[in-house]
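For my numbering, add 266 to where a residue sits in the sequence shown, where the first one is 1.
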Amino acid sequence: DRFFIDLRTEREHDAAHEAKLAALEAAGHPVVRIVMKSIDHIGQEFFRFEIATAVAGSILGINPFNQPDVEAAKIKTRELTAAFEKTGALPAEQPVVSADGVELYTDAQNAEELRKAGANGDLNSWIKAHLSRSGRGDYVALLAYIERDGDTIDAMQAMRLKLRDAKHLATCAEFGPRFLHSTGQAYKGGPDSGVFLQVTTDDSQDL
């Protein structure tokens, strides 16, 4: 369920990195190596991957230019903004658990299922119950709607790597809302094989 692409220039040689790629191949993962003459050729790789996306979509039998859930998201957004214009506030949500300044939200159906899986008054138990839903062939996505800087990138990647090593599953960490019109389409309209954890925060200055 993973496909690895190694992109480097002709002058770059890293024995340790090459050993990792060889280990991936030995484990049965597909690995593609792309060697550029120089970093100046990076622009052509953007073009290559745009074409590759269209070709992969054709092979998979999907329209890579379709946005199946965009209109549905727009309708939901209009409903929320209409409610805000009438009342001056968005619909209130209650966290299922709150501890040490951290609140966890989910809908009623998921809350019931997670309680059956062992979630209780402890924040960790809820996250553990949620992540336990992932199994072979699934992936875990950490989606952060927070400021994207060096510290938050490092923190998200550290969490992703811990999940990967603990669950032995494909993982990804992305920042919203930028991913919504790219990989977000796969998350919303793709196969039911993703387990998602969204990270949000209250801005210190509310616009």
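Even glycine gets a Cβ: it sits at the ideal position worked out from N, Cα and C.
Closest to residue i by C-alpha separation, out of the options, would be which residue?
i: His434; options: Ile419, Asp280, Ala293; result: Ala293
i: Asp458; options: Ala421, Leu446, Tyr405; result: Tyr405
i: Lys340; options: Ile412, His447, Gly460; result: His447
i: Phe445; options: Phe350, Val363, Asp373, Ile412; result: Ile412
i: Asp415; options: Gly442, Leu290, Ile308; result: Gly442
i: Ala288; options: Ala424, Asp272, Asn390, Ile308; result: Asp272
i: Asp388; options: Asp366, Phe269, Gly403, Ala374; result: Asp366
i: Phe270; options: Glu311, Arg299, Gly354; result: Arg299
i: Gly456; options: Ala383, Ala320, Arg274, Leu326; result: Leu326
i: Gln451; options: Ile419, Glu337, Glu311; result: Glu337
i: Glu278; options: Leu290, Lys286, Glu291, Lys303; result: Lys303
i: Tyr453; options: Thr319, Ala281, Asp335, Asp373; result: Asp335
i: Asn332; options: Arg344, Lys342, Thr319; result: Thr319
i: Ala306; options: Glu284, Asn390, Glu276, Leu380; result: For clarity, residue 306 is Asp in the given sequence; the question names Ala instead. Ranking Glu284, Asn390, Glu276, Leu380 by Cα distance to Asp306 puts Glu276 first.
Determine the DSSP secondary structure at residue i, reduced to helix, strand or coil.
i: Thr319; result: helix
i: Gln464; result: strand
i: Ile271; result: strand
i: Arg314; result: helix
i: Gln375; result: helix
i: Ile325; result: helix
i: Asp469; result: coil
i: Asp335; result: coil
Over the uninterrupted alpha helix (DSSP H) stretch that includes residue i, give me the two end residues.
i: Lys286; result: 281-292
Could you please give the first and the last residue of the uninterrupted beta strand (DSSP E) stretch that includes residue i?
i: Ile300; result: 297-302
Only counting the same chain, and skipping five residues up and downstream in sequence, which positions put a Cβ closer than 8 Å to that of residue i?
i: Gly463; result: Reading off the sequence, residue 463 comes out as Leu, not Gly. Cβ within range, chain order: Ile393, His396, Leu397, Val406, Ala407, Leu408, Leu409.
i: Pro361; result: Glu369, Leu370, Tyr371
i: Val461; result: His396, Leu397, Arg399, Ser400, Asp404, Tyr405, Val406, Ala407
i: Ile308; result: Met302
Excluding the 5 residues preceding and the 5 following residue i in the sequence, name in chain order all residues of the same chain whose CB lies nearer than 7 Å to its CB.
i: Gly323; result: Asn329, Pro330
i: Arg268; result: His295, Ala436
i: Met422; result: Leu408, Ala410, Ala439
Could you check whether the Cβ of residue i sits closer than 8 Å to any heavy atom belonging to the ligand GDP?
i: Arg426; result: Of the ligands one can find in the structure shown there are none, so the ligand GDP has no counterpart to examine.
Give, in chain order, every unbroken run of the beta strand (DSSP E) that is at least 3 residues long and sits entirely within the stretch 338-373.
Here the runs fully enclosed are 363-365, 368-370.
Threshold first: 3 residues or longer. Then list the beta strand (DSSP E) segments lying entirely within the stretch 379-462, N to C.
Fully enclosed beta strand (DSSP E) runs of 3 or longer: 405-411, 436-441.
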